[in-house]
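This report refers to the structure that appears directly beneath it.
Residue numbers (UniProt numbering): 1 to 631.
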């Protein structure tokens with residue numbers, strides 16, 4: 001694809017779909033293109049200015065709003081304040097006209113305006129709007145801990161000086177004024193991928209990238225502001241944006257190796273939420289333009305998966321970009337408050353028992369026609385597991401059901417939705433195993449996502465392989481606990497990956513088939529459905545529904561121990577789970593099951609289960625209060 005028609009995403013937080021940026025659109029026809037780059041201090045903004053100055057066709061302006069900022073902020077202290085005000089124009093009207101309306105010098109095709117974000121703060125409304133409406137805009141951000149340390153070496157670091165609030169405000173104002181988000185760049189991305197960032201900026205500004213932008217001679221530049229001797233010593237020593245530059249890496253590492261002053265921690269706490277917002281909006285390394293796009297199979301992503309499909313085996317799903325904007329329900333165990341938060345802002349503490357120890361229980365729930373299927377069984381199993389590990393959830397079943405449906409309704413979710421309902425023991429004062437060492441009540445999270453199972457998997461089927469990881473008895477870890485600590489199953493899944501199969505079969509301590517690493521397993525022999533007993537596997541709710549359907553439909557069913565040899569010779573096999581329902585198994589340990597295709601009993605049970613789900617959904621949401629059915 002040519003540079004002139006490049007397409008790339010600026011970050012998932014901007015919403016679904018790619019953002020097309022085509023060279024050729026100019027806000028100032030006849031005046032050349034204008035690129036405004038807004039930054040906090042110490043963010044490599046001067047190095048970026050040098051990169052554009054090195055093009056040879058660029059007029060670079062170093063902080064043209066600086067004098068107006070100092071005039072309108074008399075408290076802002078600078079060692080060179082008087083000298084600067086004596087040499088720069090502080091009149092906002094003249095400065096803005098000079099940036100946005102003045103013709104470019106002969107030979108120049110672009111004007112690059114380097115700004116500190118805070119310098120836009122007290123611009124008169126007319127001039128502020130004129131700047132925002134002119135040209136293209138880029139916001140450059142840096143992680144606060146690095147920025148604060150670097151700035152504090154020269155001037156006193158304050159929240160105002162960091163510019164984070166101004167950058168967030170600029171982002172919002174640019175969207176309001178232009179209808180287009182600015183390009184947001186994290187300085188760490190610039191350090192690691194300078195050419196990709198420069199190409200993205202050029203595409204955003206409507207100009208061609210040139211290799212000259214990557215290097216420049218050491219020393220002062222004609223575009224430098226008069227304050228350069230106070231701030232630019234390191235960038236004067238640089239000769240370009242080389243990601244392999246050992247000196248630059250040592251400079252960054254040296255700054256990060258310094259102790260962070262405790263008195264600056266409150267400032268860091270103020271800055272981090274706004275930086276996190278900007279970082280989520282920033283272009284990711286994966287979305288940066290490259291010199292030449294490699295050819296390949298148009299139907300396959302770079303990871304070898306079919307486009308639009310993510311996941312593997314029983315959890316292959318159709319990618320849905322709406323999930324980037326979902327609201328997540330979180331009950332904070334310390335405050336007791338249940339809140340809906342955007343996915344990008346949904347966090348639990350690193351001292352939460354679920355993170356520190358895997359201490360908690362969870363449920364996977366399918367939503368159909370606006371109803372949580374078999375919710376009474378899921379809630380009962382969650383409460384039963386919580387009681388088994390002596391964890392008081394500190395809410396009623398009705399309150400939990402209300403939280404679940406509130407989350408669904410806030411997201412306007414009705415079909416092809418899967419919920420991960422998680423309950424952990426809550427916040428710990430320090431990493432420590434004893435469950436009595438806890439602050440407040442359990443943390444509860446309702447994560448509902450748009451998740452449509454890959455329809456091909458339900459007909460094509462999956463392959464299984466037997467792994468050496470066993471399912472233990474109840475006195476090792478009770479299989480009735482659907483626990484956050486899933487390492488036993490994850491270890492089996494790792495073996496499945498190495499075997500290049502979709503799921504792993506796990507045996508019980510006696511060598512009989514117990515279950516799969518994330519689903520329950522069934523086989524069909526001579527018209528009869530066999531299921532392993534529940535002695536060594538989770539009492540699956542979808543598994544139980546299959547037992548019920550077999551009895552109702554007159555299909556012979558037995559729960560028993562059986563061996564791999566019997567499974568290899570089965571006429572059919574399938575796995576069950578809340579997410580995908582029933583999935584055919586066509587191969588086990590390299591042996592073809594039956595004729596290698598979905599069998600008639602499996603297909604019949606898929607149809608019966610779909611009818612059961614329709615009937616259950618038709619009963620409405622009040623079914624959450626029904627007596628649980630699963631033994």
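Note that beta-carbon positions come from the ideal geometry of N, C-alpha and C, so glycine has one too.
Quick caveat: nothing in here was measured; it's all calculated off a predicted structure.
Any C-beta of chain B sitting closer than 7 Å to the C-beta of residue i?
i, result
"residue 404", "Given the protein chain composition of this structure (a single chain), no chain B is represented."
Under DSSP, the alpha helix (DSSP H) around residue i begins and ends at which residues?
i, result
"residue 281", "265-281"
"residue 385", "375-388"
"residue 355", "353-357"
"residue 397", "397-410"
"residue 120", "Run containing residue 120: none; DSSP gives neither H nor E here."
"residue 84", "81-87"
"residue 445", "That residue, residue 445, is in no alpha helix (DSSP H); its beta strand (DSSP E) goes 443-450."
"residue 128", "125-132"
"residue 260", "Run containing residue 260: none; DSSP gives neither H nor E here."
"residue 93", "92-100"
"residue 162", "159-162"
Taking its Cβ as the centre, do 16 or more other Cβ atoms sit within 10 Å of residue i, making it buried, or is it exposed?
i, result
"residue 341", "exposed"
"residue 569", "exposed"
"residue 198", "buried"
"residue 275", "buried"
"residue 668", "One cannot answer for residue 668 here, as it falls past the ends of the chain, which runs 1 to 631."
"residue 64", "buried"
"residue 519", "buried"
"residue 574", "buried"
"residue 83", "exposed"
"residue 619", "exposed"
"residue 529", "buried"
"residue 490", "exposed"
"residue 411", "buried"
"residue 396", "exposed"
"residue 88", "buried"
"residue 565", "exposed"
"residue 625", "exposed"
"residue 99", "buried"
"residue 117", "buried"
"residue 461", "buried"
"residue 487", "exposed"
Strictly by DSSP, which residues pair up with residue i?
i, result
"residue 475", "Answer is none; residue 475 lacks a bridge partner."
"residue 185", "140"
"residue 114", "37 and 62"
"residue 394", "DSSP output for residue 394 lists no bridge partner at all."
"residue 330", "339 and 445"
"residue 427", "352 and 439"
"residue 372", "367"
"residue 504", "465"
"residue 632", "The structure shown does not extend to residue 632, since the chain is modelled only from 1 to 631, so the question has no answer here."
"residue 284", "Paired residues: none, contrary to the question."
"residue 420", "364 and 447"
"residue 483", "361"
I need the boundaries of the beta strand (DSSP E) containing residue i, first residue and last residue.
i, result
"residue 582", "581-588"
"residue 514", "513-516"
"residue 368", "360-368"
"residue 466", "462-466"
Assuming residue i contacts residue j (C-beta within less than 8 Å), just tell me the rounded distance between them.
i, j, result
"residue 550", "residue 373", "Not really, about 19 Å apart at Cβ, beyond 8 Å."
"residue 368", "residue 413", "Residue 368 to residue 413, Cβ: 11 Å. No contact."
"residue 404", "residue 421", "7 Å"
"residue 555", "residue 547", "Residue 555 to residue 547, Cβ: 10 Å. No contact."
"residue 48", "residue 92", "That pair is no contact at about 24 Å."
"residue 377", "residue 466", "In fact, because the Cβ distance is near 30 Å, the residues do not count as touching under 8 Å."
"residue 425", "residue 531", "In fact, because the Cβ distance is near 33 Å, the residues do not count as touching under 8 Å."
"residue 164", "residue 182", "Their Cβ separation, rounded to whole angstroms, is 15 Å, which puts residue 164 and residue 182 out of contact at 8 Å."
"residue 145", "residue 270", "That pair is no contact at about 13 Å."
"residue 686", "residue 223", "There is simply no residue 686 to check, as the chain begins at 1 and stops at 631 in what is shown."
"residue 33", "residue 207", "6 Å"
"residue 231", "residue 219", "Contact doesn't hold; Cβ gap of about 15 Å is too wide."
In chain order, each beta strand (DSSP E) run of at least 3 residues that lies wholly inside the stretch 39-76
Counting only runs that start and end inside the stretch 39-76, the beta strand (DSSP E) elements of at least 3 residues fall at 58-62.
**Request:** Tell me the start and end of each unbroken alpha helix (DSSP H) in the stretch 594-620 that is at least 4 residues and wholly inside, in chain order.
**Result:** DSSP runs (the alpha helix (DSSP H)) wholly in the stretch 594-620: 600-618.
### Message
Going residue by residue through the stretch 520-592, where are the continuous beta strand (DSSP E) segments of at least 3 residues, counting only ones entirely within it?
### Response
The stretch 520-592 contains, as complete beta strand (DSSP E) runs of 3+ residues, the segments 520-525, 528-531, 557-559, 572-577 and 581-588 (chain order).
Going along the chain, which unbroken runs of the alpha helix (DSSP H) with 4 or more residues stay wholly within the stretch 171-233? If we require 4 residues or more, the alpha helix (DSSP H) runs fully inside the stretch 171-233 come out as 187-192, 194-205 and 228-231.
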